[in-house]
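This is the structure we're talking about:
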């Protein structure tokens, strides 16, 4: 198992070419947010943009769209009909499939709500997607429900990245949390291989497992990240680096290190109690500025 480092990250992430444009850094479609969880979508979208994605389109319900438009003018917006539980309706599938066709990366899950609509959309949109698919949060809950019902893991034609915390991993695998805690690297490697995906097993010392057997251990980050919203930022960063052209395992590994390294700087400024997930994005920018101006 390799330990992630700044050197590894900035070997994978190259300087932006002077002769480039927004299309050079990918098109990302994020299906996120709901009436109850409006902030998650904005955090994920900003994480993707701050990680370098060229074009980020957020598909969500109108209350989320309104909130994100006010905070993040760089984000493109795709308003979707609202389902009975306040999230994106499964009836939006046709329009979302059309939007997916023009995207290099699909991110699903942050703040969507654990609902029948979310399960239907994950089944429809993640399956067969041509590019990289990142499933986080409620998209993972949807996958757990589909697996429990005897359905197959939704398979994109491109790469798949799953980002579970230990509780989500327990639901996905049926393993007891204690079993996962006893051998986090082994569990991550086993299921990344079995599912043919990049697996980000989050927690203290996050593990990133590639489907080809590569395994990385992260040593950045601190307990200031232990609050709602931190994972939304990370999911956006992973998707953003994938949109920039990094292969799925490298996108996940680099985002995990950068997310933790930025949080370590934020803790020095604001303290682990006082820092908030959106605060780390300024420190992320500082890390990029020190390496590539």
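Numbering (the working numbering), first residue to last: 3 to 295. Ideal Cβ placement from N, Cα and C applies to all residues, glycine included.
Extent of the continuous beta strand (DSSP E) run through residue 240: In the DSSP assignment, residue 240 falls outside any beta strand (DSSP E) and lies within the alpha helix (DSSP H) extending over 232-245.
The stretch 49-67 in contact with the stretch 20-29 per 3-pair CB rule at 8 angstroms: The stretch 49-67 and the stretch 20-29 touch, with no fewer than 3 CB-CB distances between them shorter than 8 angstroms.
Below-7 angstroms beta-carbon distance, residue 95 vs any chain B residue: Structure shown: chain B not included; a single protein chain is present.
Proximal residues to residue 193 (C-beta, below 7 angstroms), its chain only, five neighbours per side dropped: Cβ neighbours of residue 193 beyond the five flanking positions: 175, 201.
Coarse secondary structure for residue 7, derived from DSSP in three states: Collapsing the DSSP output to three states places residue 7 in coil.
For residue 171, the first and last residue of its enclosing alpha helix (DSSP H): Its alpha helix (DSSP H) spans residues 168-175.
Beta-carbon spacing of residue 285, residue 224 below 7 angstroms: Their beta carbons are not under 7 angstroms apart, which means residue 285 does not touch residue 224 by this criterion.
Heavy atom of the ligand ZN within 6 angstroms of residue 95 beta-carbon: In the structure on display, the ligand ZN does not appear, and there are no ligands present to speak of.
Nearest neighbour of residue 158, chosen from 167, 152, 137, 275 [CA to CA]: Per the Cα distances, 137.
CA-to-CA distance, residue 250 to residue 77, given in whole angstroms: Rounded to whole angstroms, residue 77 to residue 250 spans 23 angstroms at the Cα level.
Candidates 3, 29, 93, of which the one nearest residue 107 by Cα: The shortest C-alpha separation from residue 107 is found at 29.
Proximity below 7 angstroms, CB of residue 121 to CB of residue 147: In contact: residue 121 and residue 147 (Cβ atoms closer than 7 angstroms).
Residue from 98, 81, 113 with nearest C-alpha to residue 232: Closest option to residue 232, Cα to Cα, is 113.
Contact set for residue 144: own chain, Cβ-Cβ below 6 angstroms, skip 5 residues either direction: Here the set comprises 120, 121, 124.
Exposure of residue 64, with buried meaning 16 or more beta-carbon neighbours within 10 Å: Using a 10 angstroms sphere on the CB of residue 64, the tally of other CB atoms stays under 16, which defines it as exposed.
Cα-Cα separation, residue 214 to residue 195: In this structure, the alpha-carbon of residue 214 lies about 7 angstroms from that of residue 195.
Buried or exposed by the 16-neighbour rule on C-beta atoms within 10 Å, applied to residue 293: Under this definition residue 293 is an exposed residue.
Residue 78: first and last residue of the uninterrupted beta strand (DSSP E) it sits in: Counting along the chain, the beta strand (DSSP E) containing residue 78 begins and ends at 78-81.
Counted within 10 angstroms of its Cβ, other Cβ atoms place residue 140 as buried (16 or more) or exposed: With 16 or more other Cβ atoms inside 10 Å of its own Cβ, residue 140 counts as buried.
Bridge partners - residue 297, DSSP secondary structure assignment: As shown, the chain starts at 3 and ends at 295. That puts residue 297 outside it, with no answer to give.
Own chain partners of residue 291 with C-beta closer than 7 angstroms, once the 5 adjacent residues on each side are dropped: Here the set comprises nothing.
Selection from 75, 101, 203, 226 that minimises the alpha carbon distance to residue 273: Check the Cα spacing between residue 273 and each of 75, 101, 203, 226: the tightest is with 226.
C-beta atoms of residue 46 and residue 32 nearer than 7 angstroms: The beta carbons of residue 46 and residue 32 sit closer together than 7 angstroms.
CB contact flag (residue 160, residue 128, <7 angstroms): Cβ atoms of residue 160 and residue 128: not closer than 7 angstroms.
Three-state secondary structure assigned by DSSP to residue 61: In the structure shown, residue 61 adopts extended strand secondary structure according to DSSP, grouped into three states.
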